[in-house]
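Peer 1:
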Amino acid sequence: MVKKQQQTEISIPDLLKEVTPGFGIEGPLGGQYLHFNGEWVWSDNGEVGCIVFRPDSIPELYGSVDGKRLAHFISRAPKPDKIQFRLREKEDAKSKKRSPWLLVKSGRASVDLKWLEDSPARMPDNPGRWKSVPNGFAKAIGFVAHCCASHITRPLLTCVHVTNEYVESSDGMRIIRHDLEDTLKGVDTLIPRNVAFLLESTGITKIAPKDDAVWFKTKKGTMIFCPLIAGDYPNLDPLIATSPDAKKFSLPFEVESKDGTIKLEDALDRAGVFEGGEEELSIVLELKEGRMSIEAEDEVGQYKERISLKDAPSDLSLRVQIYAQHLLDLVKQGQKVECELTSDKMWMRTDKWEFLSVIEIPDE
Numbered sequence: 001m002v003k004k005q006q007q008t009e010i011s012i013p014d015l016l017k018e019v020t021p022g023f024g025i026e027g028p029l030g031g032q033y034l035h036f037n038g039e040w041v042w043s044d045n046g047e048v049g050c051i052v053f054r055p056d057s058i059p060e061l062y063g064s065v066d067g068k069r070l071a072h073f074i075s076r077a078p079k080p081d082k083i084q085f086r087l088r089e090k091e092d093a094k095s096k097k098r099s100p101w102l103l104v105k106s107g108r109a110s111v112d113l114k115w116l117e118d119s120p121a122r123m124p125d126n127p128g129r130w131k132s133v134p135n136g137f138a139k140a141i142g143f144v145a146h147c148c149a150s151h152i153t154r155p156l157l158t159c160v161h162v163t164n165e166y167v168e169s170s171d172g173m174r175i176i177r178h179d180l181e182d183t184l185k186g187v188d189t190l191i192p193r194n195v196a197f198l199l200e201s202t203g204i205t206k207i208a209p210k211d212d213a214v215w216f217k218t219k220k221g222t223m224i225f226c227p228l229i230a231g232d233y234p235n236l237d238p239l240i241a242t243s244p245d246a247k248k249f250s251l252p253f254e255v256e257s258k259d260g261t262i263k264l265e266d267a268l269d270r271a272g273v274f275e276g277g278e279e280e281l282s283i284v285l286e287l288k289e290g291r292m293s294i295e296a297e298d299e300v301g302q303y304k305e306r307i308s309l310k311d312a313p314s315d316l317s318l319r320v321q322i323y324a325q326h327l328l329d330l331v332k333q334g335q336k337v338e339c340e341l342t343s344d345k346m347w348m349r350t351d352k353w354e355f356l357s358v359i360e361i362p363d364e
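The opening position of the sequence shown corresponds to residue 1 in UniProt numbering, with each subsequent residue numbered one higher.
See below:
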């Protein structure tokens with residue numbers, strides 16, 4: 001493990017925020033527990049685990065406690081900068097036996113939590129060697145994670161595939177591949193979709209693949225690990241390769257209105273009312289005779305908007321589904337996107353990523 005003096009002291013409320021992603025219904029003791037292992041405080045829900053250095057304000061402890069109740073109390077502590085931990089013995093009201101309890105106080109408020117001294121949870125050993133990740137790595141994996149499959153029936157497709165030069169994902173109908181700013185030598189691993197979103201929000205500086213898990217280190221020094229999913233990710237190269245017979249064209253992402261040119265971002269914002277739950281918001285784009293139709297729907301409603309494209313090919317006719325986050329990135333670039341089209345596929349390319357989707361040709 002890394003020496004403690006190399007790390008910045010973390011406050012107790014911030015510590016609980018760092019380990020909260022590791023709470024859940026799976027993992028050691030059901031996943032809702034917070035574990036103390038001397039110099040370390042950690043959580044693990046079976047899908048992701050978080051390890052943080054113990055701050056000096058918490059005494060050296062060995063055991064486990066209900067992490068969700070502890071986090072709930074600390075997030076509402078009347079004096080968050082003055083929180084005290086004390087392990088003591090207390091008589092159980094039912095069994096009348098004395099057992100260890102963790103008393104946590106803040107001002108006049110306190111919470112007593114049953115302490116599991118002989119916890120079966122065992123903190124995994126972290127890797128000995130770390131690799132620095134390229135700039136923009138966390139953003140890239142979060143970006144392509146929107147294209148991962150959300151159903152566990154195809155477990156490999158619920159992951160982001162990390163390689164030496166790029167990260168990629170696919171839901172079986174669409175593929176997205178994002179280049180890395182620098183090569184990441186010796187790395188070929190999978191990151192579950194939800195973990196990729198977590199890493200995007202926390203920001204990571206280092207990666208360390210192991211035989212059974214992949215580890216990450218954040219800017220705050222928190223270590224995050226997730227078990228590897230068995231199997232090899234499908235080779236997407238033959239699928240993402242363009243056809244020599246494909247029709248090439250540029251697609252503008254500005255639209256014309258009576259009041260002048262407007263940003264397509266406004267239309268996407270209006271479609272966002274259908275975003276929610278576990279499913280990604282996907283947008284259906286229908287291009288026909290220089291006009292674009294944007295559609296979004298769920299089980300209770302549908303949004304549709306028709307707009308005129310600026311300088312769009314008038315002979316272009318297609319219907320394609322793209323995830324809102326990827327379309328929004330195209331819009332924010334405010335430039336034409338190079339595209340290629342066959343009878344059943346469409347490619348979009350920017351200077352950082354490329355996207356492939358199955359398409360439909362609308363009826364004339």
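Built from N, CA and C at the ideal position, the CB exists for glycine as well.
Note that the coordinates shown come from a computational prediction; the quantities given were computed from them, not determined experimentally.
(1) Using the C-alpha atoms, what's the distance from Ile-294 back to Thr-342?
(2) What residue range is occupied by the uninterrupted beta strand (DSSP E) comprising Asp-92?
(3) Determine the direct distance from the alpha carbon of Arg-76 to that of His-125, and round the result to whole angstroms.
(4) Rounded to whole angstroms, how far is the Cβ of Cys-147 from the Cβ of Arg-174, which I believe are closer than 8 Å?
(5) Less than 8 Å between the beta carbons of Ile-204 and Ala-140, yes or no?
(6) Any idea what DSSP makes of residue 389, helix, strand or coil?
(7) Could you have a look at Gly-172 and say whether DSSP puts it in helix, strand or coil?
(8) Would you kindly check if the distance between the Cβ of Val-48 and the Cβ of Leu-198 is under 8 Å?
(9) Taking 8 Å as the cut-off, does the region 61-76 touch the region 102-119 (at least 3 CB pairs, one atom from each stretch)?
(10) Is it buried or exposed, Ser-99, if we count other Cβ atoms within 10 angstroms and call 16 or more buried?
(11) Cβ of Trp-353 within 8 Å of Cβ of His-178?
(12) How is Lys-210 classed by DSSP in three states: helix, strand or coil?
(13) Should Leu-228 and Thr-202 be called a contact, given that it needs their Cβ atoms to be closer than 8 Å?
(14) Looking only at DSSP bridge pairs, what is Cys-226 linked to?
(15) How should Leu-157 be labelled, buried or exposed, when 16 other C-beta atoms within 10 angstroms of its C-beta is the threshold for buried?
(16) Please find out if some non-hydrogen atom of the ligand GTP comes closer than 7 Å to the beta-carbon of Cys-226.
(17) So Val-52 packs on Leu-15, CB below 8 Å; how close in whole Å?
(18) Rounded to a whole number of angstroms, what is the C-alpha to C-alpha distance between Glu-289 and Ser-308?
Peer 2: In short:
(1) If I take the Cα positions, the gap works out to 21 Å.
(2) Looking at the DSSP string, Asp-92 is not in any beta strand (DSSP E), and its letter there is neither H nor E.
(3) Per the sequence presented here, residue 125 reads as Asp, with His not at that position. Counting only the Cα atoms, Arg-76 lies some 33 Å from Asp-125.
(4) Under the criterion of beta carbons closer than 8 Å, Cys-147 and Arg-174 qualify as touching, at roughly 6 Å.
(5) At least 8 Å separates the beta-carbon of Ile-204 from that of Ala-140.
(6) Only positions 1 to 364 of the chain appear in the structure, and residue 389 is not among them; the question remains open.
(7) In this structure, Gly-172 counts as coil in the three-state DSSP scheme.
(8) Taking C-beta atoms as the reference points, Leu-198 and Val-48 count as a pair closer than 8 Å.
(9) Segments in contact, yes.
(10) Exposed, by the Cβ-count rule.
(11) Contact check for Trp-353 against His-178 passes: the beta carbons are separated by less than 8 Å.
(12) For Lys-210, the secondary structure class from DSSP, reduced to helix, strand or coil, is coil.
(13) No, these two residues do not count as a Cβ contact at 8 Å.
(14) Residue pairing by DSSP places Cys-226 opposite Val-214 in a beta bridge.
(15) Per the 10 Å Cβ criterion, buried.
(16) No copy of the ligand GTP appears in this structure; indeed no ligand is present at all.
(17) About 5 Å separates the CB atoms of Val-52 and Leu-15; that is less than 8 Å, so the two are in contact.
(18) Going by the C-alpha atoms only, they are around 9 Å apart.
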